[in-house]
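Enquirer: In this note's numbering, the protein residues as written are 9 to 473. Every residue gets a Cβ at the ideal spot worked out from N, C-alpha and C, and that includes glycine. Please read through the structure below; I'll follow up with questions.
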Amino acid sequence: MTDAYRVVLGLGKSGLSAARYLASLGEDFIVMDGRDNPPGLQVFRQEYPHIEVLLGEFNEAILHDAEEIIVSPGLYLAEPTLAKSQAKAIPPSPIEQMLQHCRDLGVSVIGDIELFARDADADIIGITGSNGKSTVTELLGLMAEYADIDALVGGNIGTPALDLLAEETPEFYILELSNVQLEVTESLSCYVASILNISPDHMDRYCDISEYVESKMPIYDDCEIVVVNRDDEFTWPHEDCEADEFSFGGSEPEEDEFGLRYHDDEWYLAFGDELLLPTSALKIKGRHNWLNALAALAIGYSADFPLPPMLEALEDFTGLAHRCQWVAEHQGVNWYNDSKGTNVGATAAAIAGLAEGTSGNIILLAGGLAKDAEFAELTDVVEQHVKTAILFGQDANLLERALCDKTKLLQADSLVEAVRAAGQQAEPGDIVLLSPACASFDMFKNFEDRGQQFCECVRELLHES
């Protein structure tokens, strides 16, 4: 080990990609993980037997002497920032304290996106926001494909950004970026950058909504074009931003804006005065998905993607698993899996979006880990559209407290029980929607596991009836 070495902290998906990247460059580095047996350990040791891996309690002396620490976002995603600890008078996070001490000693603390940004040799389209960023990122990738534009898609979704560098250099990198990835990024310079929307999320980490918003703002640093949601001021860059600007939103668009227009008893995606596509032609349903479509169109247009193939891709796009995913229809009841709805804003959007397309009512399945969420923000949309809410998981009582006088409430001890209760409550024309407004880790491996188990429970229930 030389005097100038790096440490990859955390052997998760992004940590593994960082280690692979550094190994490909012949860099000197150590891997650390606080777990005794992280999921990717055996594969990593087989592939890189010469790389030292330290498990269990972190060796801070090694961290203090490192030139640079590449930290995995999952390591501190739910840890309160030092600002929150100070403002709320709560004990500081040991991880945050450790990383700050390293910074104080002159050690650079970065993430995988910083490594990527230093080496990427193509235009970057960066997408972040509270909700819809995975859908918009994948949709934009499909639009590029239909337009015969060479693009690679990854980041916080699918392929880690650093793994994309092993491919032939494309015309564009299209990246979904999370707040915690952006926190430890300094050199990112996007060609096009967009914050799609902001609603309270990760409030277990941030002091308040302002600190959360600021965690997203590095995506606009040194970018050439920003694409903003004109209906959401939180997505707007700081006044000193000199980038060109495009916008999308749910209002009627003015010249060179994307938005919605109502024409002949139907809503249309529109560009200025031009009607582009009726929303009825979309396979992705709900107003929130109309906004996702408009965001992708605005971002693609700003990067000079041609409109006709973008619209063709949009008509063919079926959406992503666990994002308002249609599961089944039985006896006039439609079942939807929105397990990715891990915050209040996502669930409110899913309820409102699906309510526009039904004459019936919604039965909501919600609950899990609250992440310090303010469930009071669900009250209006629940009162308007939800006839029964079936609550489960660790923080079901917090949801019950917020919604107690807004709709009929039931509690379930498991997801299986919640699905069966929904089947008993549902009538023809109704929608049963799993959109938990909570994280999944109290009962499931992740939101994908929760969504898959929901789909299995639904299929079993319908098979029995």
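For the alpha helix (DSSP H) holding residue 352, just list the boundary residues, first then last.
Expert: From DSSP, the alpha helix (DSSP H) with residue 352 extends over 352 to 363.
Enquirer: Taking the alpha-carbon of residue 279 as reference, which of 273, 286, 261 has the nearest alpha-carbon?
Expert: 261
Enquirer: Suppose you measure from the CA of residue 220 to the CA of residue 180; what does that come to, to the nearest Å?
Expert: 28 Å
Enquirer: Considering residue 396, what are the terminal residues of the beta strand (DSSP E) in which it resides?
Expert: Taken as a continuous stretch (DSSP letters only), the beta strand (DSSP E) holding residue 396 covers 394 to 399.
Enquirer: Do residue 371 and residue 390 have their C-beta atoms within less than 8 Å of each other?
Expert: no
Enquirer: Are the stretch 349 to 358 and the stretch 438 to 450 touching, with three or more C-beta to C-beta distances below 8 Å?
Expert: yes
Enquirer: When DSSP labels each residue in this structure, what does residue 80 get in the three-state scheme?
Expert: Coil, per DSSP.
Enquirer: Kindly list the residues whose CB is nearer than 7 Å to the CB of residue 198, restricted to its own chain and excluding five residues on each side of it in sequence; keep chain order.
Expert: Closer than 7 Å at Cβ, skipping near neighbours: 132, 133, 134, 227, 231.
Enquirer: Of the residues 101, 30, 139, which one's Cα is nearest the Cα of residue 6?
Expert: Since the displayed the chain opens at 9 and closes at 473, residue 6 lies outside it and no answer follows.
Enquirer: Taking the beta carbon of residue 51 as the centre, do at least 16 other beta carbons fall within 10 Å, making it buried, or is it exposed?
Expert: exposed
Enquirer: With DSSP as the reference, label residue 152 as helix, strand or coil.
Expert: helix
Enquirer: Okay, do the stretch 73 to 92 and the stretch 133 to 149 touch, 3+ Cβ pairs below 8 Å being the bar?
Expert: no
Enquirer: Under the three-state reduction of DSSP, which class applies to residue 435: helix, strand or coil?
Expert: coil
Enquirer: Might you give, ordered along the chain, the residues of its own chain that have their beta carbon closer than 7 Å to the beta carbon of residue 341, omitting 5 neighbours on each side?
Expert: 434, 436, 438, 440
Enquirer: When you compare only the Cα positions, how much space is there between residue 292 and residue 395?
Expert: Between the alpha carbons of residue 292 and residue 395 lies a gap of roughly 24 Å.
Enquirer: Just to confirm my understanding: we take residue 150, look at its own chain, exclude 5 residues before and 5 after, and list those with CB closer than 8 Å. What are they?
Expert: Once the five neighbours on either side are set aside, the close Cβ partners of residue 150 are 321, 324, 325.
Enquirer: Between residue 237 and residue 267, which are expected to be in contact by the criterion C-beta below 8 Å, what is the C-beta distance as a whole number of angstroms?
Expert: Their Cβ separation, rounded to whole angstroms, is 11 Å, which puts residue 237 and residue 267 out of contact at 8 Å.
Enquirer: From 19, 411, 376, 406, pick the residue whose C-alpha is nearest to that of residue 455; which is it?
Expert: Selected option, being the one with the closest Cα: 376.
Enquirer: Residue 130 to residue 107, Cα distance in whole Å?
Expert: 31 Å
Enquirer: Just checking my contact of residue 15 with residue 74 at CB under 8 Å: how many whole Å lie between their CB atoms?
Expert: That pair is a contact at about 5 Å.
Enquirer: Kindly indicate which three-state DSSP category residue 334 falls into: helix, strand or coil?
Expert: strand
Enquirer: Does the stretch 56 to 63 come close enough to the stretch 27 to 41 that 3 or more CB-CB pairs lie under 8 Å?
Expert: These segments touch.
Enquirer: Write down the C-beta distance between residue 12 and residue 56 rounded to the nearest angstrom, noting that I regard them as a contact closer than 8 Å.
Expert: About 19 Å separates the two Cβ atoms, so there is no contact after all.
Enquirer: Residue range of the beta strand (DSSP E) that residue 217 falls in?
Expert: Residue 217 -> not in any beta strand (DSSP E); alpha helix (DSSP H) instead, spanning 217 to 224.
Enquirer: What is the C-beta distance between residue 4 and residue 140, in whole angstroms, given that I count them as a contact (C-beta under 8 Å)?
Expert: This structure does not reach residue 4, given that the chain is present from 9 up to 473, and the question cannot be answered.
Enquirer: Which residues mark the beginning and the end of the alpha helix (DSSP H) in which residue 121 is found?
Expert: 120 to 127
Enquirer: What beta strand (DSSP E) runs, 3 residues minimum, are completely inside the stretch 19 to 97?
Expert: You should have 37 to 41, 61 to 63, 76 to 79.
Enquirer: Can you give me the C-alpha to C-alpha distance between residue 79 and residue 208, rounded to a whole angstrom?
Expert: Per the coordinates, the alpha-carbon of residue 79 lies some 24 Å from the alpha-carbon of residue 208.
Enquirer: Relative to the C-alpha of residue 337, which residue among 253, 470, 170, 297 is closest?
Expert: 470
Enquirer: Looking at residue 223 and residue 194, is the spacing between their C-beta atoms short of 8 Å?
Expert: In this structure, residue 223 does not lie closer than 8 Å to residue 194 by Cβ.
Enquirer: Look at residue 76 and residue 32 and say whether their C-beta atoms are less than 8 Å apart.
Expert: no
Enquirer: Using three-state DSSP, classify residue 298 as helix, strand or coil.
Expert: helix
Enquirer: Within this structure, are the beta carbons of residue 254 and residue 174 separated by less than 8 Å?
Expert: Judged by beta-carbon spacing, residue 174 lies beyond the 8 Å limit of residue 254, meaning their Cβ atoms are not closer than that value.
Enquirer: Between 431, 472, 416, 402, which has its C-alpha nearest residue 450's C-alpha?
Expert: 402
Enquirer: Taking residue 35 as the reference, which of 58, 18, 308, 47 has the closest Cα?
Expert: 58
Enquirer: Can you tell me which of the three DSSP states residue 166 falls into?
Expert: coil
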